[in-house]
Amino acid sequence: MRKNIVAGNWKMNNDLAQTQELIADLKKQISAAPAATVMIAPTYTNLYPAFEALKNTPVIVAAQNMHQNASGAFTGEISAAMLKSVGVETVILGHSERRAYFKESNELLAEKVNTALENDMTVIFCFGEELEDRKADKHFDLVESQLKESLYHLSKESWKNIILAYEPVWAIGTGETASPEQAQEMHAFIRKSITDAYGSEIAEEVSILYGGSVKPANAKEIFAKEDVDGGLIGGASLKAEDFLAIVNAF
Ligand code: PGA
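In terms of this note's numbering, the sequence shown opens at residue 145 and continues consecutively.
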């Protein structure tokens, strides 16, 4: 059975004290057995304190990005081994902000995915169309090419460590959410595409999260859809109460 997952992407928010405060709030309010697997992705400098503070809790700490190379002259970058050395075994790759502002291509992301998997990490792989793609009715093709170019070279075995996050760019941080029907339509398309490429056993097991303006008020309806297995949450993950209300929407 595929897992339900709610992951908070904190982006470039929260210094050390704010991170500790938000984690303390989460620990106070989270139930011992949450309705979904819960993950948070603080910024690099706060990964280790987050990992330490969340030991013996159900919350998994993830990174927001990672470099594809193992080490060397890549000023400002962070490797898989560095993440693992501070307890982080899950990494978000391909977020639309990385694609847009840091020019990360499908090809580069394939390399990053390979590196993460070689290091036995779990990848939350983000992808999704821009508004123009949807208006031009190209959203299905665009999404399928993102998957093909970054993931479809993987072995069947590797898919155990892949979590997908469909995030239509027009819904991120805009307050505009895809309707539950639009999310379901795309998630069903994604699962069908994986079925065609790898067979239904793999496709049925992969968790496909939806991301883009998920809030306590709309999470239940979105998560109720058959092919939506959780959410990648930006803005609403910065308040413990809202984030846990989303977790409890399952
Ligand atoms: P949002 O961000 O929930 O603030 O729209 C989602 C994301 O970027 O992962």
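Ideal Cβ positions, reconstructed from N, Cα and C, are used throughout, including at glycine.
Return yes when at least one heavy atom of ligand 1 lies under 7 Å from the C-beta of residue i, else no.
i    : result
G238 : no
N250 : no
E274 : no
I403 : Since the first residue shown for the chain is 145 and the last is 394, residue 403 is missing from the structure and cannot be characterised.
A380 : yes
S357 : yes
N153 : yes
E365 : no
E385 : no
I390 : no
L191 : no
I377 : yes
E399 : What the structure shows of the chain is the stretch from 145 to 394, and residue 399 is not part of that stretch, so it cannot be assessed.
So what's residue i in DSSP terms, helix, strand or just coil?
i    : result
G379 : helix
V391 : helix
T339 : helix
A151 : strand
V313 : helix
I306 : strand
A234 : At residue 234 the sequence reads Thr, which differs from the Ala that was named. Three-state DSSP puts T234 in a strand.
Could you tell me the boundaries of the beta strand (DSSP E) in which residue i lies?
i    : result
L298 : Run containing L298: none; DSSP gives neither H nor E here.
V182 : T181 to A185
A207 : V203 to A207
L353 : I352 to G355
I268 : T266 to F271
Can the beta-carbon of residue i be found less than 8 Å from the beta-carbon of residue j?
i    : j    : result
Q208 : N158 : no
I377 : V150 : yes
S357 : A315 : yes
A384 : L227 : no
F271 : Y296 : no
V257 : F269 : yes
L237 : A214 : no
D371 : I352 : yes
N190 : T163 : yes
N148 : A185 : no
V350 : L286 : no
M404 : A224 : It is not possible to answer for residue 404, since the shown part of the chain is limited to 145 through 394.
K300 : Y354 : no
E274 : V313 : yes
I222 : H239 : no
Kindly indicate if chain E contains any beta-carbon less than 8 Å away from that of residue i.
i    : result
E329 : The chain inventory of the structure shown lacks chain E, comprising one protein chain alone.
Could you tell me the boundaries of the alpha helix (DSSP H) in which residue i lies?
i    : result
N190 : Neither: N190 is in no alpha helix (DSSP H) and is coded neither H nor E.
V257 : N250 to E262
I174 : It is not in any alpha helix (DSSP H) - I174 carries neither H nor E in the DSSP assignment.
K364 : P360 to F367
S240 : S240 to Y245
S215 : Taken as a continuous stretch (DSSP letters only), S215 belongs to no alpha helix (DSSP H), as it is neither H nor E.
K282 : Where K282 is concerned, there is no enclosing alpha helix (DSSP H), given that its DSSP letter is neither H nor E.
D227 : For the sequence presented, residue 227 should be read as Leu rather than Asp. From DSSP, the alpha helix (DSSP H) with L227 extends over A224 to S229.
Inset, instruction - Report yes or no: do the segment 229-239 and the segment 204-221 share at least 3 C-beta pairs separated by less than 8 Å? - result: yes
Inset, instruction - For the segment 321-328 and the segment 355-365, state whether three or more C-beta atom pairs, one from each stretch, are separated by less than 8 Å. - result: yes
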